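Here the structure comes first, spelled out in structure tokens, and everything after it is commentary.
Residue numbers (the numbering used here): 2 to 479.
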């Protein structure tokens, strides 16, 4: 035991960073329960990329056959295992190479973009989307290694950084409200659920989700660790007497079709068309999607760095020094996630939970990663989660992401208008990138017409042009 302590001390320099093994372990457990719901939530979003998988009640049709006899329930289990493995591997790599308490996992925001924009709007298959994600990881690595990503970090106004995070939170909350049937959309517009129609599956789902949100809110207020995870479990339990939980065919961990997700990237068909013009349009579409994913990844990393620098003020110099390596690890794990079968692996802003508990070194990340890998054996249980429980976690996690709106400068019209456009357009258009695009373009145009264009970094000009091209020539993404 003493030998292990000496090895951990020499590798992670615990004493130098004023921490202990016990403190890092407590922080790791906190991280684990804080992020557990996300790792089970992302696969539930991803499975929606396949047509005919979600029924009218928003539930996953576990018996639906996707391909080669693989059912939606089996595929969801494989996706869940891939999510835990990618989070575990990414966190361990981050902890071992950077020695910072930053935890990784599949990005909920980018998973949403992949499903609703890349797959539904652009018509790519999920396996083609994995190929795009793999390529984006390589592009991301080049941007990181050349310092281009850091230049983008520095060029983007702080208000827009906060606005993007808040907008993603609002978008995810809106998705949760719809999935819970708390709100619905028809020809007359948005409407609230029928509160008295208890016989209705949608109404029972909505009420259960409302209860779940209230419960989690109270637990968060009481500073209960793993509040969101606890709330989700209780929603699953209550779904049984309400008739909202339907047990399907169970899948043994050893019967999970890992080959349905592992190394299944499909590079064929990314560029299609018979004529040169059609091929050029297809290639341009691919480039814009790659650009979109890289930009979203950059914004997520920026949000994480902003949050952790605020909490680790004494460690700001160390974070600044290791930022290039953090970005490179982010890029590598993105491609690794695609190999395993899941969407972009990025550094979770929820890493702040462990930092608040005292995490200061990569030991926290390594321990959390080990817990994630061990949890992969629970993947077969993913198919039993009702839509109310999923919606509850979507709503609360979205709200928590929106807390950065407090840092947006709403007193200055030049800052407030682009920020609000960014936040509002994400849920209203159903496109995360559209909100970012309009925010950047309006920020630039207002400064140009106000005679302040010379103060804007050239990177913003480049981004604005690329976003304008995206909005004009690829309107399907809106």
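Note that the Cβ used here is the ideal one computed from N, Cα and C, for glycine as well.
Keep in mind it's a predicted model, so treat the numbers as computed, not measured.
* Asked: Hey, out of 226, 326 and 10, whose CA is closest to residue 103's CA?
  -> 326
* Does the Cβ of residue 129 have 16 or more other Cβ atoms within 10 Å, making it buried, or fewer, making it exposed? -> buried
* Asked: If residue 94 sits next to residue 330, beta carbons under 8 Å apart, how far is it from one beta carbon to the other, in whole angstroms?
  -> 6 Å
* Cβ atoms of residue 73 and residue 54: under 7 Å apart, would you say? -> yes
* Leaving out the 5 sequence neighbours to the left and right, which residues in its chain are closer than 8 Å to residue 76 when beta-carbon positions are compared? -> 48, 51, 67, 258, 261 and 262
* To do: Run the CB neighbour count on residue 7, radius 10 Å, all protein chains shown included, and call it buried at 16 or more, exposed below.
  => exposed
* **Minimum C-alpha distance to residue 131 - residue among 141, 112 and 122** => 112
* Own chain, CB closer than 6 Å to residue 415, minus 5 neighbours either side, in chain order -> 447
* Range covered by the beta strand (DSSP E) that runs through residue 346 -> 346-348
* According to the Cβ coordinates, are residue 373 and residue 65 closer than 7 Å? -> no
* To do: Could you check what DSSP says for residue 262 in three-state terms: helix, strand or coil?
  => coil
* **Collapsed DSSP secondary structure at residue 192 in the structure displayed** => strand
* Is the region 29-46 in contact with the region 227-234, if contact means three or more CB pairs nearer than 8 Å? -> yes
* Contacting residues, own chain, Cβ-Cβ under 6 Å from residue 115 (five flanking each side not counted) -> 130 and 344
* Asked: Based on Cα-Cα distance, which residue from 99, 209 and 282 lies nearest to residue 246?
  -> 209
* To do: Report yes if the CB atom of residue 460 is closer than 7 Å to the CB atom of residue 146, and no otherwise.
  => no
* Asked: Would residue 476 be called buried (16 or more neighbouring beta carbons within 10 Å of its own) or exposed?
  -> Note on residue 476: pLDDT 48, under 50, position unreliable in the model; no value is reported.
* To do: Would you mind giving the Cβ-Cβ distance between residue 96 and residue 364, rounded to the nearest angstrom? I have them listed as a contact below 8 Å.
  => 7 Å
* Which same chain residues, not among the five before or five after residue 434, have their C-beta less than 6 Å away from its C-beta? -> 293
* Within the same chain, show all residues whose beta-carbon is closer than 7 Å to that of residue 465, passing over the 5 residues directly before and after it, in chain order. => 441, 442 and 445
* Relative to the C-alpha of residue 338, which residue among 150, 233 and 134 is closest? -> 134
* Applying the criterion that 16 or more other CB atoms from any shown protein chain within 10 Å of the CB defines a buried residue, is residue 69 buried or exposed? -> exposed
* With a CB to CB cut of under 6 Å and the five nearest residues on each side skipped, what residues in its chain are close to residue 29? -> 365, 368 and 369
* Asked: So what's residue 334 in DSSP terms, helix, strand or just coil?
  -> helix
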